[in-house]
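For the sequence shown, the UniProt record's numbering assigns the number 965 to the last residue and increments by one with no breaks. Using N, Cα and C, we set each Cβ at its ideal position, and we do this for glycine too. Given the structure is predicted, the values throughout are model-derived calculations rather than measurements. The structure under discussion appears below in the form of C-alpha cells.
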Amino acid sequence: MALIVRRAAAARGLLAAAAAVMLAAVLLLAGLTAYATVSAGAGVRAAVAAADPAERSVLVRGAPGADPPARDRGVRDAYAPARVSAARYGSGWAVRGATGSAVPDSSGAVYASMTRLDDLSRHAELVSGRWPSGTREVSLAQPAAAALGLTSGTTLRLEDRRSGRVVARRVSGIWRPRDAADPYWLLTPDVAGGRRPQTATYGPIVSSDPGFFAAGASAGWLVEPDLTEPTIGLVRRTSETLTATGADLPRTSGLGTSATVTTGLPQLADRLERADLVRRSTMVTPMLLIVVLGGYALTLVAALLAESRRGETALLRARGASRRQLAGLAAAEGLALVVPAALIGPPAATALLRLRYPQTALDAGVWLVTALVAAGGMVALTAPALRRGGTYVAETAGRNRLPALRRAGLDLAVVALAVLAWLQLRQYSAPTGAGGLGIDPLLAAAPTLGVLTGAVLAVRLLPPVARLTAARLGRGRARAGLLGAWQAGRRAHAGPMVMLALAVAAATVSWCLAATVQQSRADQAVQRVGAELRLVEAGGAAPPGRAEQLAALPGAGAVVPAYRDGVPMTAGTDPAELVAIDAAAATGVVQARRDATGGPPGELLATLAAAAGPAPAATLRAGRISTSGPARTIAVFTGGRRVDLGVSDRGRPVTVAAGSPGLLGFKVQSLDAAPVRWRITGQDVRWRGLAQTGLTVQPAADGTFEVTEALTVTGPAPPRVVPVAVTRAAREALSTVGSLSIGGVAVRVTVVATIDRVPGTTRSAAVLVDRTALDARLFWSFGIVRDTGEWWIGGRPTGTGGLSGLRVLDRRELASGADPFGSAARIALFGAALGAMLLAAAGIAADARATARHRAVELAVLHTLGAGPRLLARSLVVEQALLAGLGALAGLGVGLLVAATMAPLLVLTPAAARPVPDALPQVLWGRTLGSAALLVAVALAVSVITAGSATRRLPAARLRLGADR
1 MALIVRRAAA
11 ARGLLAAAAA
21 VMLAAVLLLA
31 GLTAYATVSA
41 GAGVRAAVAA
51 ADPAERSVLV
61 RGAPGADPPA
71 RDRGVRDAYA
81 PARVSAARYG
91 SGWAVRGATG
101 SAVPDSSGAV
111 YASMTRLDDL
121 SRHAELVSGR
131 WPSGTREVSL
141 AQPAAAALGL
151 TSGTTLRLED
161 RRSGRVVARR
171 VSGIWRPRDA
181 ADPYWLLTPD
191 VAGGRRPQTA
201 TYGPIVSSDP
211 GFFAAGASAG
221 WLVEPDLTEP
231 TIGLVRRTSE
241 TLTATGADLP
251 RTSGLGTSAT
261 VTTGLPQLAD
271 RLERADLVRR
281 STMVTPMLLI
291 VVLGGYALTL
301 VAALLAESRR
311 GETALLRARG
321 ASRRQLAGLA
331 AAEGLALVVP
341 AALIGPPAAT
351 ALLRLRYPQT
361 ALDAGVWLVT
371 ALVAAGGMVA
381 LTAPALRRGG
391 TYVAETAGRN
401 RLPALRRAGL
411 DLAVVALAVL
421 AWLQLRQYSA
431 PTGAGGLGID
441 PLLAAAPTLG
451 VLTGAVLAVR
461 LLPPVARLTA
471 ARLGRGRARA
481 GLLGAWQAGR
491 RAHAGPMVML
501 ALAVAAATVS
511 WCLAATVQQS
521 RADQAVQRVG
531 AELRLVEAGG
541 AAPPGRAEQL
551 AALPGAGAVV
561 PAYRDGVPMT
571 AGTDPAELVA
581 IDAAAATGVV
591 QARRDATGGP
601 PGELLATLAA
611 AAGPAPAATL
621 RAGRISTSGP
631 ARTIAVFTGG
641 RRVDLGVSDR
651 GRPVTVAAGS
661 PGLLGFKVQS
671 LDAAPVRWRI
681 TGQDVRWRGL
691 AQTGLTVQPA
701 ADGTFEVTEA
711 LTVTGPAPPR
721 VVPVAVTRAA
731 REALSTVGSL
741 SIGGVAVRVT
751 VVATIDRVPG
761 TTRSAAVLVD
771 RTALDARLFW
781 SFGIVRDTGE
791 WWIGGRPTGT
801 GGLSGLRVLD
811 RRELASGADP
821 FGSAARIALF
831 GAALGAMLLA
841 AAGIAADARA
851 TARHRAVELA
861 VLHTLGAGPR
871 LLARSLVVEQ
881 ALLAGLGALA
891 GLGVGLLVAA
901 TMAPLLVLTP
911 AAARPVPDAL
921 PQVLWGRTLG
931 SAALLVAVAL
941 AVSVITAGSA
951 TRRLPAARLR
961 LGADR
C-alpha cells in the first residue's frame with residue numbers, strides 16, 4: 001500500500017487529470033442516458049397529444065336497427081372500459097323558409113343535418129342562449145347558424161321531405177367546440193364549416209326529439225381509449241386490442257354488415273415506434289462522440305503516465321517485479337480513480353437534470369452505462385501495464401509501436417467503414433432496428449465514424465505537417481520560435497494535436513448537425529405552409545364573408561384565396577396535388593426556398609400571371625334583373641366569390657348595385673316548374689348561356705335567356721389553354737401541351753415552368769396554376785365554380801384563434817414549435833460539443849504538464865549552455881501554439897467535411913421519413929470557430945502556466961544533471 005501511495009504522489013498531476021477525465025465522462029454519459037429516458041416520455045406524450053384525432057380514437061358507424069338501446073349497449077360493452085360517446089343522425093329533413101346565405105342544391109332545397117349528441121355540453125361552449133331543455137328546442141353550431149341566418153330565440157322550420165310534414169323548433173342556443181382538435185368532433189365533422197363538403201346539407205342541428213331519427217336514421221360511436229399517460233408499448237397494445245375488438249364488433253354488437261370501424265391507432269403506433277427509433281439512434285450519436293473523446297483523453301493520460309514511469313517500471317522489473325504485480329499496482333490506482341467517479345457521477349448528473357426536468361430518475365439504465373464507462377476506464381488505465389515487457393534496456397529504449405503494415409490496415413478499416421456508412425446514408429430511406437438493438441446502427445454511428453476517420457488522418461498526417469511547418473518557421477531569426485518549432489517537429493507522439501483535432505471535429509459536427517436539423521425544420525415549415533400564414537377551411541369551403549373577416553384582422557397583409565385538388569395523372573400512380581392561387585395577387589405572399597421554384601417564388605408567379613394574360617372578367621355595373629317568373633340570381637367572381645343578388649319574379653325585378661371587378665358571370669336558378677325568361681341590363685358585356693347539359697344557349701335579340709331549372713351565364717371567352725407550373729415528377733406524365741382532369745372535367749394546360757417543389761405541399765407530383773385563369777376556363781366551359789378552401793396571408797395577423805371553422809398553419813409556429821423527439825437530440829449534441837471541449841482541455845493540460853516535466857533535463861542543459869529562462873518559456877509556448885493551431889485547423893477541416901457530407905443525410909422527420917425539402921448543411925460559424933479558438937486559448941494558457949513553472953525549477957534541475965547516470 002505504501003508503494004501505491006508513493007507512486008500516486010509522484011504522479012499526482014497526471015492522476016488528477018485522469019480523475020477529471022473519468023469524472024467528466026461519467027457525468028456526461030450518465031446525464032445523456034438519464035436525459036434520453038426523460039425526453040422519450042415527453043416525446044411520446046407530445047406526439048400523442050398532437051396526433052390527428054382519428055389516430056387517437058375509434059369511430060364506429062352503423063344502423064341503429066329496431067332496438068337502438070341494445071346496439072348501443074353492445075358497442076359500449078365491446079369497448080369497455082374505454083370512454084364511448086354516441087350520436088344519432090336523421091335524414092331527409094330540409095330547412096323551410098329563409099335560409100340565409102346557405103347555397104341550395106339543384107332542386108332549391110337546403111338540407112338540415114339533424115343530430116343527437118351525447119355529452120355535448122362537456123365538449124362545447126355556448127356563444128349565446130342556453131342548452132335545449134326539451135324536445136321542442138334545438139341548438140346549432142356557430143358556423144351553421146351563421147350560414148342559415150339563425151340566432152338564439154328564433155324559430156327554425158324543418159320539413160320532412162318524405163312526408164311533407166313541417167315542424168317548428170325554437171333555437172335555444174348557439175355553441176362552438178371548446179377544442180377543435182377533440183376527437184369527439186369526428187362524430188359530426190361538419191361542425192367546423194357548418195356544411196358537409198360538396199353538399200347543400202347544413203348543421204349540425206342538435207335535437208333530442210326522437211321524431212327526427214325515426215326513419216332512415218344512422219348511428220355513430222366514438223371510442224376514446226385512456227392515453228393520458230401514454231407509452232409506446234401502451235399505444236401499441238391499445239391499438240392491437242381495439243383493432244381486434246373492431247374486427248369482431250359486427251357480430252358482438254348486432255350491427256352486422258352495417259358496421260364500419262375506422263381508426264388510425266395502428267398508424268400512430270407505427271409512427272411512434274419509428275420516431276422513437278430515430279430518437280434513440282440520434283441520442284446514441286453524442287454518446288459515441290463522448291466515448292471516443294473520453295476514451296482517447298484517458299488513453300492519452302495513461303500513455304503519458306506510463307511514459308513518465310518508464311524508468312521506474314524498468315527498475316521494478318529488473319528487481320524482480322512480475323507483470324502481474326505491475327498490473328496490480330495499475331489496477332489499484334485505476335480503482336482509486338474510477339470508483340469515486342462511478343459513485344459520484346450518476347447522482348450528480350441526475351441532480352443537475354432535475355433542476356430542469358423534475359421527473360428525471362436514477363434508474364438501472366444510468367447505472368448500467370456508468371458500469372460500462374467504469375470498465376472502459378479501467379481497461380484504458382491498466383492497458384499500458386499489461387503489455388509484454390522485455391529487458392531493462394528494452395524498457396528504457398523507447399516506445400513500442402505496431403508495425404507499419406498493421407497500422408495501415410487498421411487505418412484503412414476505419415476509413416472503409418466511414419465510406420461505407422456515407423454510401424449507405426445516400427440510399428437511406430427509413431431507419432431499421434437492426435439486430436434487435438433498439439437503434440439504427442448506421443444512423444447512430446455515421447458521424448462518429450466520420451470523426452474517427454478524420455482522427456486517423458490527423459494521426460498520420462499531423463506529425464509530418466508539424467515537422468514541415470517547424471522547418472519553415474526555423475528559418476526565422478527569432479530564437480524562441482526556432483527552438484519551439486524544432487521541439488514540435490521532434491515530438492515522439494501526436495497526442496495533443498490529435499486530441500485537439502478530435503475535440504474540434506466532434507464539436508464542429510455537433511454544432512453543424514444541430515444547426516442543420518434546426519434549419520431543416522424551418523425549411524419544412526416554409527414548404528408546408530407556403531406563406532407566412534395559411535388558413536384551411538375545415539369544412540372544405542369558405543362561408544360567405546370570410547374574405548372580409550380575414551382582411552379585417554390586425555396585422556394582416558394581402559389575403560389570397562386558393563384551393564387544392566387531386567389531379568389524376570397516369571394509371572397506377574397517385575394523383576398529383578393541384579394548388580390553384582391568384583398568381584398576380586400572391587406574388588408578395590408565397591414563400592419558398594429558392595431551390596423549390598428555381599429562384600424567388602415571386603418570379604415564378606409573375607411568369608404564370610404573364611402567361612395567363614389579362615383576366616377575361618368584367619365589372620358588375622348598376623342595372624336590373626327582370627324575369628318572367630321566380631328565379632334566384634347569383635353573381636360569380638374570380639376567386640370563387642359569389643354574391644346572391646336575390647330572387648326576382650314577374651313584375652318584381654331585382655336592382656343590381658355597382659360591384660367590384662372580376663365578374664365571370666351569373667348562376668340563375670329557376671324556382672318555378674315552367675321555364676323562366678331572364679334578362680339583365682346595365683352591363684357592357686355580351687353574354688352567352690350554358691345549360692346543365694353543357695350546350696351553349698344564345699340570348700334573344702334583346703338579351704333575354706330562357707332558363708329551364710338552371711342556367712350559367714358567362715361573359716367573354718378566356719384563353720383555351722391554362723398555364724401551369726409542374727414538378728419534375730408531374731412533368732413526366734404531361735407533354736408540353738396536354739390536359740388535366742380538374743373537378744371531373746378535362747382542362748387543356750400548357751407547362752410554362754418545371755420546378756422542384758410547389759409551395760404549400762410536400763407531394764413530389766404537384767401542379768401550380770393561376771386560379772384566375774383556371775376559374776375563368778372552368779366557369780366558361782363547364783359552369784363550374786370552385787369554392788375557396790384555404791387562404792394564404794402575408795404579414796403577421798393576430799386574432800386568428802377566435803375564428804371558427806379554420807385550421808391555422810403558421811410558418812413561425814411550425815418552425816419553432818415544440819418537438820421533444822428532435823429537440824432532445826439537439827440538446828444532446830450541444831452537450832456533446834461542450835463535453836468534447838471539456839475532455840480536450842483536460843487532456844491538453846495533462847500533456848502540457850507531462851511535456852514540461854519530461855523536458856526538465858533538456859531545459860536544464862539548454863539553460864546551462866546559456867539559454868535564458870524567458871527564452872525557454874517562450875519556446876515551450878511556441879511549441880504548444882504550433883501544435884494546438886495545427887490540431888485546431890485539422891479538426892475544423894475534418895468536422896466541416898463530415899458535417900457537409902453526412903449531416904443532411906442524418907436529418908429525418910419525427911415520423912422517420914426524409915424531410916421535404918432535403919436538408920442543406922448549415923454551419924454555426926460563431927460557435928464552431930469559438931470552440932476551436934477556446935481550445936487553442938486553453939492550450940496556450942496551460943502552456944504558459946507550465947512553462948513558467950518549468951523555468952522556475954531550472955536551478956534545481958541543473959543540480960540534478962547526471963543523477964540518473
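Need the endpoints of the alpha helix (DSSP H) that M283 sits in, please. The count along the sequence shown starts at 1 and reaches residue 283 at position 283. Taken as a continuous stretch (DSSP letters only), the alpha helix (DSSP H) holding M283 covers L265 to S308.
Best match in G738, S39, A766 and T714 for proximity to residue 966 [C-alpha to C-alpha]: Absent from the model: residue 966. The displayed extent of the chain is 1 to 965, so no value can be given.
Are G887 and M497 close, meaning C-beta to C-beta below 8 Å? Taking the sequence shown and counting its residues from 1, one reaches residue 887 at position 887. Taking the sequence shown and counting its residues from 1, one reaches residue 497 at position 497. Cβ distance < 8 Å, so G887 and M497 count as in contact.
Could you pull the start and end residues of the alpha helix (DSSP H) that Y79 belongs to? If you number the sequence shown from 1, residue 79 lands on position 79. Start and end: P68 to Y79.
Count the other CB atoms, across all protein chains shown, that sit within 10 Å of the CB of T313; report buried if there are 16 or more and exposed otherwise. Within the sequence shown, residue 313 is the residue found at index 313, counting from 1. Burial call: buried.
Assuming S510 and L352 are in contact, meaning their beta carbons sit under 8 Å apart, how far apart are those beta carbons, in whole angstroms? As a first step, residue 510 must be located in the sequence shown, where it is residue number 510. As a first step, residue 352 must be located in the sequence shown, where it is residue number 352. S510 to L352, Cβ: 19 Å. No contact.
Report the three-state DSSP secondary structure of residue 1046 (helix, strand or coil). Coverage of the chain is limited to positions 1 through 965, which leaves residue 1046 absent and any answer about it impossible.
Mark G744 as exposed unless 16 or more other C-beta atoms lie within 10 angstroms of its C-beta, in which case mark it buried. Residue numbering aside, residue 744 sits at position 744 when the sequence shown is read from its first letter. With fewer than 16 other Cβ atoms inside 10 Å of its own Cβ, G744 counts as exposed.
Can the beta-carbon of A840 be found less than 8 Å from the beta-carbon of L293? In the sequence shown, counting from the first residue as 1, residue 840 sits at position 840. In the sequence shown, counting from the first residue as 1, residue 293 sits at position 293. In contact: A840 and L293 (Cβ atoms closer than 8 Å).
Endpoints, the alpha helix (DSSP H) within which S322 is located: Here residue 322 refers to the residue found at position 322 of the sequence shown. Where S322 is concerned, there is no enclosing alpha helix (DSSP H), given that its DSSP letter is neither H nor E.
For D649, collect the residues of the same chain with a Cβ closer than 8 Å to its Cβ; drop the 5 residues on either side in sequence, then sort them by chain order. Walking along the sequence shown from the start, residue 649 turns up at place 649. Within the same chain, D649 has close Cβ partners T627, G629, P630 and A631.
Could you spell out where the alpha helix (DSSP H) holding E548 opens and where it closes? Walking along the sequence shown from the start, residue 548 turns up at place 548. The continuous alpha helix (DSSP H) containing E548 extends over residues R546 to A551.
Give the single residue among P869, R528, Y35 and L15 whose Cα lies nearest to the Cα of A832. As a working note, residue 832 is residue 832 in the sequence shown. Closest by C-alpha distance to A832, out of P869, R528, Y35 and L15, is Y35.
With distances taken between CB atoms, is the gap from I844 to M499 smaller than 8 Å? The residue labelled residue 844 in the question sits at position 844 within the sequence shown. The residue labelled residue 499 in the question sits at position 499 within the sequence shown. A distance below 8 Å separates the beta carbons of I844 and M499.
Just to confirm the assignment: which complete beta strand (DSSP E) runs, minimum length 3, are found wholly within the stretch 649 to 731? The stretch 649 to 731 is shown to contain whole beta strand (DSSP E) runs of 3 or more residues at 654 to 656, 661 to 670, 676 to 681, 688 to 691, 705 to 707, 710 to 714 and 722 to 727, in chain order.
Please report the distance separating the alpha-carbon of L62 from that of A70. Within the sequence shown, numbered from 1, the residue matching residue 62 stands at position 62. Within the sequence shown, numbered from 1, the residue matching residue 70 stands at position 70. Residue identity check: residue 62 is Gly in the sequence provided, not Leu. Those two C-alpha atoms are separated by around 13 Å.
Nonlocal neighbours in the same chain, by C-beta distance under 7 Å from G90, ignoring five residues either side: In the sequence shown, residue 90 corresponds to position 90, counting from 1. Close CB contacts of G90 within its chain, under the 7 Å cut and outside five residues either way in sequence, are with M114, F212, F213 and A217 (chain order).
Whether I205 touches V278 by CB criterion (8 Å): Taking the first residue of the sequence shown as 1, we reach residue 205 at position 205. Taking the first residue of the sequence shown as 1, we reach residue 278 at position 278. The criterion of a C-beta distance shorter than 8 Å is not satisfied by I205 and V278.
State the Cα-Cα distance for the pair D595 and A903, rounded to the nearest angstrom. Stepping through the sequence shown from its first residue, residue 595 is reached at position 595. Stepping through the sequence shown from its first residue, residue 903 is reached at position 903. Between D595 and A903, the C-alpha separation is close to 19 Å.
Same chain only: Cβ atoms within 6 Å of A947, ignoring 5 sequence neighbours per side: The residue given as residue 947 occupies position 947 in the sequence shown. Once the five neighbours on either side are set aside, the close Cβ partners of A947 are A873, L876 and V877.
Do the stretch 692 to 711 and the stretch 792 to 799 make contact, defined as three or more Cβ pairs closer than 8 Å? Short answer: they don't touch.
Let me confirm a value: W925 is counted as buried when at least 16 other C-beta atoms fall within 10 Å, else exposed. Which label applies? What you label residue 925 is simply residue 925 of the sequence shown in a count that begins at 1. The residue is exposed, with fewer than 16 neighbouring Cβ atoms inside 10 Å.
How many whole angstroms separate the CB atoms of T693 and G662, which I take to be in contact at a CB cut-off of 8 Å? Taking the first residue of the sequence shown as 1, we reach residue 693 at position 693. Taking the first residue of the sequence shown as 1, we reach residue 662 at position 662. In fact, because the Cβ distance is near 27 Å, the residues do not count as touching under 8 Å.
Please work out which residues of its chain come closer than 8 Å, Cβ to Cβ, to L14, disregarding the five sequence neighbours upstream and downstream, and give them in chain order. Locating residue 14 in the sequence shown gives position 14, counting from the first residue. For L14, where only same-chain residues beyond five positions count, the Cβ hits under 8 Å are V301, L304, L305, S308, A846, R849 and A850.
Go to Y563, then tell me how far its beta strand (DSSP E) extends in each direction, as first and last residue. If you number the sequence shown from 1, residue 563 lands on position 563. Note, Y563: beta strand (DSSP E), A556 to V567.
Quick one: what does DSSP say R195 is sitting in, helix, strand or coil? Taking the sequence shown and counting its residues from 1, one reaches residue 195 at position 195. Here R195 sits in strand by DSSP.
Compute the Euclidean distance between the alpha carbons of T188 and L604, then round it to the nearest angstrom. Position 188 of the sequence shown holds residue 188. Position 604 of the sequence shown holds residue 604. Cα atoms of T188 and L604: separation of roughly 40 Å, rounded to the nearest angstrom.
Contacting residues, own chain, Cβ-Cβ under 7 Å from A40 (five flanking each side not counted): Looking up residue 40 in the sequence shown gives position 40. Contacts found: D276 and R279.
Is R61 close to chain C, meaning its C-beta is less than 8 Å from at least one C-beta of that chain? In the displayed structure, chain C is absent; only one protein chain is listed.
Report the CB separation of I232 from V44 in whole angstroms; it is logged as a contact under 8 Å. Here residue 232 refers to the residue found at position 232 when the sequence shown is read from its first residue. Here residue 44 refers to the residue found at position 44 when the sequence shown is read from its first residue. About 6 Å; that satisfies the 8 Å criterion.
Reduced DSSP category for T570 - H, G, I as helix; E, B as strand; rest coil: One-based indexing of the sequence shown puts residue 570 at position 570. In the displayed model, T570 falls within coil according to three-state DSSP, outside both helix and strand.
Should A49 be labelled buried (16 or more other beta-carbon atoms within 10 Å of its own) or exposed? Walking along the sequence shown from the start, residue 49 turns up at place 49. Taking all protein chains shown into account, A49 has fewer than 16 neighbouring C-beta atoms within 10 Å of its C-beta and is therefore exposed.
Contact check, R122 vs S207, beta carbons under 8 Å: In the sequence shown, the residue the question calls residue 122 occupies position 122. In the sequence shown, the residue the question calls residue 207 occupies position 207. Not a contact, by the Cβ cut-off of 8 Å.
So, with DSSP's three-state summary, where would you put P177? Taking the first residue of the sequence shown as position 1, residue 177 is located at position 177. Here P177 sits in strand by DSSP.
So the alpha helix (DSSP H) G31 belongs to, where does it begin and stop? On the sequence shown, residue 31 is found 31 positions in, with the first residue counted as 1. Note, G31: alpha helix (DSSP H), R12 to A50.
Helix or strand or just coil, what does DSSP make of L740? Position 740 of the sequence shown holds residue 740. Strand, per DSSP.
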